[in-house]
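Going letter by letter, the sequence shown gives residues 375 to 767 in our numbering.
Quick reminder that beta carbons are idealized off the backbone N, C-alpha and C, glycines included.
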Amino acid sequence: MDDRQLLKIRKNLGFIGNSPALEQILRTIEQVAATNIIVLINGESGTGKELVANAIHALSSRNNGPFVVVNAGAIPEGIMDSELFGHEKGSFTGAVGQRKGYFELAEGGTIFLDEIGEMPLETQVRLLRVLENREILRVGGSTSKSIDVRIIAATNRDLLGEVREGRFREDLYYRLNAVNIHVPSLRERKQDIPLLINHFAESFCEQNRIEYAGFSEDAIDLMVHYDWPGNIRELKNFVESIIVMERGMHIGSSAVQNRLPAPSHFRFDPQLPIHVQRSSEELEREFLYRALFEIKHEIAQLREAVLGKYLMPNRRLMPGFSVDKNNIEQYPANIEKIEDETEDVFPTMQQMEQELIYRALEKTGGNKRKAAILLEISERTLYRKIKEYDLPF
375 MDDRQLLKIR
385 KNLGFIGNSP
395 ALEQILRTIE
405 QVAATNIIVL
415 INGESGTGKE
425 LVANAIHALS
435 SRNNGPFVVV
445 NAGAIPEGIM
455 DSELFGHEKG
465 SFTGAVGQRK
475 GYFELAEGGT
485 IFLDEIGEMP
495 LETQVRLLRV
505 LENREILRVG
515 GSTSKSIDVR
525 IIAATNRDLL
535 GEVREGRFRE
545 DLYYRLNAVN
555 IHVPSLRERK
565 QDIPLLINHF
575 AESFCEQNRI
585 EYAGFSEDAI
595 DLMVHYDWPG
605 NIRELKNFVE
615 SIIVMERGMH
625 IGSSAVQNRL
635 PAPSHFRFDP
645 QLPIHVQRSS
655 EELEREFLYR
665 ALFEIKHEIA
675 QLREAVLGKY
685 LMPNRRLMPG
695 FSVDKNNIEQ
705 YPANIEKIED
715 ETEDVFPTMQ
725 QMEQELIYRA
735 LEKTGGNKRK
745 AAILLEISER
755 TLYRKIKEYD
765 LPF
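Okay, structure coming up:
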């Protein structure tokens, strides 16, 4: 595929940028589109996995057929099979009629199974049969039905890690992973950010008839060097928001700096400098450490209060209170001992990290996925920490 074809795909399918990572994706899309091979797309949330899937469909011979998007993470587990494969009348309470599932609705076209890692194991078994036999069986049905559907799946998880943990079937993983396309995060294609900013700004202003005076070079530089954990989706929302708030004004670095979200919801600690270029593991470690400093601060306040209660003999009573010294029983006090014992009140960083993870798991009822989101770390890191600290979850 020459540069002219690449430019045409970019223009027609909405891909913005000229980074090597994006060009590689476009070349792969062009290669796989002409076939019916199953494609697994992986990448962080907000990177544009659906755009890649839609591009494969649009460049294929199936482009006149439907492109059906299914978010597996948004479908309740109890109705997943019915939604995907359909059901017969009377197959369960509330099934008042026959219903086609998403696979039948995608006949002659493409079905895009987003967040495939969220699919329950029982449904994974049925999906594997569909991939192998190209047939679906409706819930409550007795006769299989042939389907002509191209399947593209996507995930923001480490599916091999899910396989090792027993949450994703190994045979299904290898069946889905015929061709793998990795969609890079915005951190991996920073040279595309200025083009994306300009595209989002111009499109938004045109749609909403808003005067747009542009961003300063310093403002763009700030956005280029921000990590954008929410990727393209976050960048788009940020650009649109700041244009609305700075309507008609030339947007400078101070406006951008004031509105750029903090890397973490935890209070910033000056002992933790922010580095622009960070790996995901370093970023997760920073999130944990910031949370640990929050706990450290709380413990320090508690320690001060506890020690103050016992170590301030000249403390004055609150107004309105008095003490009858004749009725005070005398007990020997070893202030020095109290001070010594409190030396161990302050836990180590490892102890605080363990406590933080335990609290998150306790708060989420042991749900590791929710706990990882709360801690702003990956599930993989969380599982490693649970094993490291031998936590009962």
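Notebook entry, point to check: Buried or exposed: where does A746 fall if 16 or more other Cβ atoms within 10 Å of its Cβ makes it buried?
Noted result: One-based indexing of the sequence shown puts residue 746 at position 372. With 16 or more Cβ atoms within 10 Å of its Cβ, A746 is classed as buried.
Check: Can you tell me the Cα-Cα spacing of R758 and R531, whole angstroms?
Finding: Counting from 1 along the sequence shown, the entry for residue 758 is found at position 384. Counting from 1 along the sequence shown, the entry for residue 531 is found at position 157. Approximately 16 Å, taken between the alpha carbons.
Checklist line | Contact under 8 Å by Cβ, A480 with V523 | finding: The sequence position of residue 480 within the sequence shown is 106, counting from 1. The sequence position of residue 523 within the sequence shown is 149, counting from 1. For A480 and V523, yes; Cβs fall inside 8 Å.
Notebook entry, point to check: Contact between the region 447 to 457 and the region 396 to 412: three or more CB pairs below 8 Å?
Noted result: no
Checklist line | F574 to L414 span [Cα, whole Å] | finding: Along the sequence shown, one-based indexing puts residue 574 at 200. Along the sequence shown, one-based indexing puts residue 414 at 40. Distance between the alpha carbons of F574 and L414 is about 28 Å.
Next item on the list: Examine the Cβ distances between the region 551 to 571 and the region 387 to 396 and report whether three or more of them are shorter than 8 Å.
Entry: yes
Item checked: Among A446, M619 and K385, the one whose alpha carbon lies nearest that of A528 -> Here residue 528 corresponds to residue number 154 of the sequence shown, with the count starting at 1. It is A446.
Item checked: Whole-angstrom distance between F542 and S465, CA atom to CA atom -> Mapped onto the sequence shown, residue 465 falls at position 91. Mapped onto the sequence shown, residue 542 falls at position 168. The straight-line gap from Cα to Cα measures roughly 27 Å.
Next item on the list: Within the same chain, show all residues whose beta-carbon is closer than 7 Å to that of V396, passing over the 5 residues directly before and after it, in chain order.
Entry: The residue given as residue 396 occupies position 22 in the sequence shown. Sequence check: residue 396 is Leu here, not Val. The residues are F389, R563 and D566.
Notebook entry, point to check: What whole-angstrom Cβ distance do F459 and F477 have, given they're in contact under 8 Å?
Noted result: Position 85 of the sequence shown, counted from the start, is the residue given in the question as residue 459. Position 103 of the sequence shown, counted from the start, is the residue given in the question as residue 477. At roughly 6 Å, the Cβ-Cβ gap stays under 8 Å, so F459 and F477 are in contact.
Checklist line | Supposed contact pair N416 and N554 - C-beta distance, whole angstroms, cut 8 Å | finding: As a working mapping, residue 554 is identified with position 180 in the sequence shown. As a working mapping, residue 416 is identified with position 42 in the sequence shown. Confirmed, about 7 Å.
Next item on the list: Less than 8 Å between the CB atoms is what I'm expecting for L560 and I625, so what's the real figure, rounded?
Entry: Position 186 of the sequence shown, counted from the start, is the residue given in the question as residue 560. Position 251 of the sequence shown, counted from the start, is the residue given in the question as residue 625. Actually they are not in contact, since the Cβ atoms of L560 and I625 sit about 19 Å apart, beyond 8 Å.
Check: By the 10 Å Cβ neighbour count, where 16 or more other Cβ atoms means buried, how is P780 classified, buried or exposed?
Finding: No answer is possible for residue 780: it lies beyond the span of the chain, which begins at 375 and ends at 767.
Notebook entry, point to check: Around the Cβ of Y548, are there at least 16 other Cβ atoms within 10 angstroms (buried) or fewer (exposed)?
Noted result: One-based indexing of the sequence shown puts residue 548 at position 174. By the neighbour-count rule (16 or more Cβ atoms within 10 Å), Y548 is not buried but exposed.
Notebook entry, point to check: When DSSP labels each residue in this structure, what does A741 get in the three-state scheme?
Noted result: Mapped onto the sequence shown, residue 741 falls at position 367. For the sequence presented, residue 741 should be read as Asn rather than Ala. DSSP places N741 in coil when its eight states are reduced to three.
Notebook entry, point to check: Are P494 and E536 close, meaning C-beta to C-beta below 8 Å?
Noted result: On the sequence shown, position 120 is the one that residue 494 refers to. On the sequence shown, position 162 is the one that residue 536 refers to. No, the Cβ-Cβ distance between P494 and E536 is not below 8 Å.
Item checked: Counted within 10 angstroms of its Cβ, other Cβ atoms place E591 as buried (16 or more) or exposed -> The sequence position of residue 591 within the sequence shown is 217, counting from 1. By the 10 Å Cβ count, E591 comes out exposed.
Note to self: Considering Cα atoms alone, identify which of E614, E462, T467 and L634 is closest to R512.
What the structure shows: Numbered from its first residue, the sequence shown carries residue 512 at position 138. Comparing Cα positions, the closest option is E462.
Item checked: Separation of K610 from N438, as counted between CA atoms -> Taking the first residue of the sequence shown as 1, we reach residue 438 at position 64. Taking the first residue of the sequence shown as 1, we reach residue 610 at position 236. When rounded, the distance between both Cα atoms is 30 Å.
Note to self: According to DSSP, I485 sits in a beta bridge with which residue or residues?
What the structure shows: Here the question's residue 485 lines up with position 111 in the sequence shown. BP columns for I485 point to V442 and I525.
Notebook entry, point to check: Quick one: what's H461 bridged to in DSSP?
Noted result: Here residue 461 refers to the residue found at position 87 when the sequence shown is read from its first residue. Per DSSP, R473 and V513.
Checklist line | N- and C-terminal bounds of the alpha helix (DSSP H) containing L550 | finding: Here residue 550 refers to the residue found at position 176 of the sequence shown. Counting along the chain, the alpha helix (DSSP H) containing L550 begins and ends at E544 to L550.
Note to self: Can you tell me which residues form a DSSP beta bridge with L414?
What the structure shows: Position 40 of the sequence shown, counted from the first residue, corresponds to residue 414. Paired residue(s): A527 and N554.
Item checked: C-alpha gap between M623 and S577, whole angstroms -> The sequence position of residue 623 within the sequence shown is 249, counting from 1. The sequence position of residue 577 within the sequence shown is 203, counting from 1. Answer to the nearest angstrom: the Cα atoms are 17 Å apart.
Item checked: Identity of the residues DSSP links to K519 by a beta bridge -> Looking up residue 519 in the sequence shown gives position 145. K519 pairs with I510.
Margin query: Which same chain residues end up closer than 6 Å to R652 when comparing Cβ atoms and leaving out the 5 residues on each side of it in sequence?
Written below: Translated into the one-based positions of the sequence shown, residue 652 becomes position 278. Because the pLDDT at R652 is just 45, under 50, the model does not fix this residue reliably, and the value given afterwards should be weighed accordingly. Here the set comprises nothing.
Check: Which residues mark the beginning and the end of the alpha helix (DSSP H) in which M619 is found?
Finding: For the purposes of this step, residue 619 is taken as residue 245 along the sequence shown, with counting starting at 1. Where M619 is concerned, the enclosing alpha helix (DSSP H) stretches over N605 to M619.
Notebook entry, point to check: Where do the ends of the alpha helix (DSSP H) carrying I403 lie?
Noted result: Here the question's residue 403 lines up with position 29 in the sequence shown. Unbroken alpha helix (DSSP H) run through I403: P394 to A407.
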